[in-house]
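In this text, residue positions in the sequence shown follow numbering that gives the first Met the number 0: the first is 0, and each later residue adds one.
Quick reminder that beta carbons are idealized off the backbone N, C-alpha and C, glycines included.
Bear in mind that the values here come from a model prediction, so they are computed numbers and not experimental data.
Have a look at the structure below before the remarks.
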Amino acid sequence: MTNHLQLAFGGLGPWEIILILAVVLVLFGAKKLPELAKGMGQGIKEFKKASRGVNDELERAMDDTPTYTPPPATQITEETTETSKDDDSKKNV
């Protein structure tokens, strides 16, 4: 059981967690703890919502990115042919 608690709370043991909870209780008082927990829950909810929105937007942007298609090879061949004809006519002069 201790291993599961340590993994869940970043390596903190059960006594460290109890000590932290006691300090929070002393600092904020029993009346403020429910309000504090509610505020933290809402903050976490908003953070998750915002991060999901950013991830969704990034995925949509990556899906909408146009792919590069090179121009057809016939255009390059035609230009090369025209250039060759111009060079041949200059040589004959």
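Under the three-state reduction of DSSP output, P33 falls in the helix class.
CA-CA distance, N54 to D62, rounds to 12 Å. Rounded to whole angstroms, the gap between the alpha carbons of K48 and E56 is 12 Å.
Judged by DSSP in its simplified three-state form, P70 adopts coil rather than helix or strand.
A direct Cα-to-Cα measurement between P13 and G28 gives close to 22 Å.
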